[in-house]
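Our numbering runs 377 ahead of the 1-based position in the sequence shown.
We put the CB at the ideal spot given by N, CA and C, even for glycine.
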Amino acid sequence: MLFFNICWAQQPADFVNPFIGTSNFGATFPGPIAPRGMASISPFNVSGPQNRPLEKDSQWLSNPYVNENTFLTGFSQVNLSGVGCPELGVILLMPTTGEVEVDHLKYGSTYSNEVAKAAYYSVNIDKYKVKGEFTASKRVGVNKFTFPKGKSNILLNLGVGLTNEEGAMVKVVSATEIEGMRSVGSFCYNSPEDAYPVYFVAKFSKPADNFGVWKKPAKYNGVESQWMGYNGKARMMENTIKTVVGDSIGSYFTYKFDKEEIVEVKIGISYVSIENARENLEKETGTKSFDAIYKETYNEWNKELSKITVEGDSKDDKTIFYTALYHTLIHPNTLNDFNGEFPEIKRSKIGKTTATRYTVFSLWDTYRNLHQLMSFVYPKQQSDMVTSMLEMYDENGWLPKWELNSTETFTMVGDPASIVIADTYLKGIRDFDVDKAYQAMLKGADQIKNNPLRPGLKDYIEKGYLTTENKGPVSTTQEYNISDYSISLLADALGKKADSKRFKERSLSYRKLFDKNLKLLRPRTADGKWYEPFDPASGANFEENVGFIEGNAWQYNFMVPHDIKGLKKLMGGEKAFSNQLQKIFDSKQFDMANEPDIANPYLFNYVKGEEYKAQEMVKKLVREYFKNEPKGLPGNDDTGTMSAWLVYSMMGIYPVSPGDPIYTITTPIFDRITIKLDPQYYKKESIVIEKEVNSDGKIKAIQLDGITLNSYFISHEDLVNGKILKVIQN
């Protein structure tokens, strides 16, 4: 299978290769999306036995597209990037020729000549000799098909999708317009009762010669089935404008061309109503041409990606860097329509905003680095994200945990929103209601009964840890500790000294789970005894185990970023700490593809004289796991978290302790990095990170504006108020 080789170009957007992460379970997609877009288009090639084993019904698969697959069944118009559970991947458009066939397994095709870049994707559909080209505005997917002479069709299939939810509605409004709805939800097989609709309006550039809808009902096996001629068979309803509702339904537009022709289909999306989907389409794209929309979205990408400019090193390094930055700018994404309307959580009413209401908060992942990157480079977006979280608190009574399109899934563990909000405020982004935020944090941290954010809170407060009667008791205790530390920092900044002291003390309770003989954290039972039998390696590769969520004792052992000094003391000093840390890498327990240990390579910076190990390890991991190819991510991108790790690591800094406004420093990959700063939030125009190389050796000195730092750490305030951070190697 081919994939696009980006040529040398001047603009950051020209280095984006959306094929990166479409293999190795990265779960990205190669099709177009605007920055933070609601609409997105992806080739859909995970349906049908031709695509096994990476087929949506034959294994756990959370992506609409897999680079190795070969059989295409359409182009989905709403998708998620880098998530771990199947959802969306619906409203499939497919061009065909000849007689209308509505079974996707029969009308599907192999494909060739894929091209993907920022805001654009194209492919040849082999079976029909049709070329498909795609771009998008923020709320509209734009599909362009070049058909050969003869009978041609455009199918809109609402029965196939990545979601596990069913149900749809479709109506042909005219020979140039279709409207409808697809039900989605049940993310991670959670809260199926909270399924919700995504509305759409599709407008065609040419009126159809014929149109229709189809519906394939369920198959009956009883006596009644003997009189049902349509039993389990698709009913074709030609030239009708009636509304059709069902599971396996769709519509078709048919054309008779006497020469090669182009048909464009613009599909507006809304989570509020069909009327809003139509308005989104008209206000954003109107009569604009495909090329004009592509140019606008490309320019928007280039503006966002140009906030960071890099110099030196190879084309491949620039490609993986800017593609990673691109992936961090997909989620959280826009939920509100052009008119500002959005569905509130629980969908009891429609809210309205003049800013941006964001959605898709995979916070267990993104609290560690992605939101810190947003605060640094895109602070207005981060401010709106925090405001969105506080609106969710108003609507739902709780800060978000894993929110998706105004549905709180409560997936994963911990209380991560508190960390993100505290971190944002402490970085100087304060144009949100911090008093409300603080009260929301206290509710999540202190309310023992009926608390969906912090199950097991009673044991945590009374004993200092969750017992084995709870899911993932050790790692969940650690998550609560990190949240409590962030609350303590914010309390201190707000002058609430008693709260600051109380939450600081609570944040250290992981120490009660530290086994000094093993130098590892391990679970305790309800009576306080060590859980037996205990295998520290159990839990790798997502294996279920008693103590930890998505990881094992080794991978979680250093996930106390707020108390590394205390952890060193528990372990018996700096040398013992360093040896235990090194053992994780030597014994191949380090997992680059999962969040709990991704800060580990930077922890050598806490050991005087061993900082060179952080430099060597970060560079090694960048080279080993991140490449300019489809399998160029270590695994699931987790809505940009892995990509954010790479962006920071290639710049030579990392937010090593979530909540703490500090960075630790290592060797940048590039010679010079210039980060533009938003004047609404920061005093300086930019900060430059520069590498001075005498040889490819260890860091000899770190200087900020010519003054040598006495450690490998720098505060956010010092960094954004400086001009040049220089890393000098031997």
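By DSSP, does residue i sit in helix, in strand, or in coil?
i, result
"Gln388", "coil"
"Phe954", "helix"
"Glu637", "coil"
"Glu993", "helix"
"Glu554", "strand"
"Glu510", "strand"
"Arg901", "strand"
"Trp604", "helix"
"Gln880", "The sequence shown places Phe at residue 880, not Gln. Of the three classes helix, strand and coil, the one that applies to Phe880 here is helix, per DSSP."
"Ile926", "coil"
"Gln454", "strand"
"Pro964", "The displayed chain sequence assigns Ser, not Pro, to residue 964. Coil."
"Lys889", "helix"
"Ala1097", "Per the sequence shown, residue 1097 should be read as Val rather than Ala. Reduced to three states, the DSSP call for Val1097 is helix."
"Arg559", "strand"
"Ser529", "strand"
"Ser795", "helix"
Should residue i be labelled buried (16 or more other beta-carbon atoms within 10 Å of its own) or exposed?
i, result
"Ala585", "buried"
"Asn713", "buried"
"Thr731", "exposed"
"Val687", "buried"
"Tyr597", "exposed"
"Trp604", "exposed"
"Gly924", "buried"
"Ala875", "exposed"
"Asn956", "exposed"
"Trp907", "exposed"
"Thr664", "exposed"
"Asn428", "buried"
"Glu1108", "Since the first residue of the chain shown is 378 and the last is 1107, residue 1108 is not available in this structure."
"Pro441", "buried"
"Met378", "Unreliable positioning characterises Met378 in this predicted model, as indicated by a pLDDT of 42, which lies under 50. A coordinate reading is not provided."
"Tyr566", "exposed"
"Lys1075", "exposed"
"Pro463", "buried"
"Asn894", "exposed"
Please report how far the alpha carbon of residue i lies from the alpha carbon of residue j, in whole angstroms.
i, j, result
"Gln1106", "Glu993", "13 Å"
"Phe381", "Lys873", "Bear in mind that the predicted position of Phe381 carries a pLDDT of just 41, short of 50, making it unreliable; the figure below should be weighed with that in mind. Roughly 55 Å between the two C-alpha positions."
"Ile722", "Val1104", "47 Å"
"Thr1085", "Val1065", "16 Å"
"Glu987", "Val937", "20 Å"
"Ile383", "Tyr989", "Any answer about Ile383 is weak, because its pLDDT of 40 lies below 50 and its placement is not dependable; what the coordinates show is given next. Taking the straight line from one Cα to the other gives about 34 Å."
"Glu673", "Ser1026", "31 Å"
"Lys504", "Asn490", "13 Å"
"Val443", "Leu740", "25 Å"
"Ile975", "Ile1042", "15 Å"
"Gly849", "Ala903", "14 Å"
"Arg724", "Glu920", "36 Å"
"Lys946", "Leu898", "14 Å"
"Gly408", "Ser486", "18 Å"
"Asn1071", "Ile1101", "18 Å"
"Ile1030", "Lys804", "16 Å"
"Leu1023", "Val999", "7 Å"
Do you know whose CA, among the options, lies nearest residue i's CA?
i, options, result
"Lys643", "Gly518, Thr731, Ser560, Glu721", "Gly518"
"Met1028", "Glu1067, Phe911, Gly1012, Ala411", "Glu1067"
"Val421", "Ile397, Ile639, Glu652, Leu482", "It is worth fixing the name first, because residue 421 is Phe in this sequence and not Val. Per the Cα distances, Leu482."
"Leu747", "Met762, Thr733, Gly536", "Met762"
"Leu469", "Asn501, Ala416, Tyr497", "Ala416"
"Trp775", "Gln816, Arg807, Asp391, Ser752", "Gln816"
"Ser884", "Pro409, Ala870, His939, Pro1056", "His939"
"Thr733", "Glu677, Thr764, Val492", "Thr764"
"Thr801", "Gly791, Asp792, Met789, Ala814", "Ala814"
"Ala654", "Val797, Ile555, Ile941", "Ile555"
"Ile1138", "Asp624, Ser628, Leu706, Leu1102", "Any answer about residue 1138 is impossible in this case: the structure gives the chain only from 378 up to 1107."
"Phe667", "Lys521, Asn608, Gly459", "Lys521"
"Glu570", "Tyr576, Phe577, Val578, Val561", "Val561"
Give a single yes or no on whether residue i has its beta carbon closer than 7 Å to a heavy atom of the ligand FAD.
i, result
"Thr736", "Among the ligands in the structure shown, none appear at all, so the ligand FAD cannot be discussed."
Determine, using beta carbons only, whether residue i comes closer than 8 Å to chain C.
i, result
"Gly475", "Absence of chain C from the displayed structure is noted, only one protein chain being present."
Fill in: Length at least 3, wholly inside the segment 456 to 491: the beta strand (DSSP E) runs in chain order
467 to 474
Item to complete: Jot down the residue ranges of each uninterrupted alpha helix (DSSP H) in the segment 1012 to 1058, minimum 4 residues, whole runs only, in chain order.
Response: 1018 to 1028
Practice prompt. Taking only runs that begin and end inside the segment 740 to 788, name each unbroken alpha helix (DSSP H) of 4 or more residues, in chain order.
Written response: 740 to 743, 747 to 754, 756 to 773
Discussion item. Please give me, in chain order, every unbroken run of the beta strand (DSSP E) with length at least 3 that falls completely inside the segment 646 to 712.
Written reply: 685 to 688
Worksheet item: What are the uninterrupted segments assigned as alpha helix (DSSP H) that are 4 or more residues long and contained completely in the segment 850 to 877, given in chain order?
Response: 850 to 870
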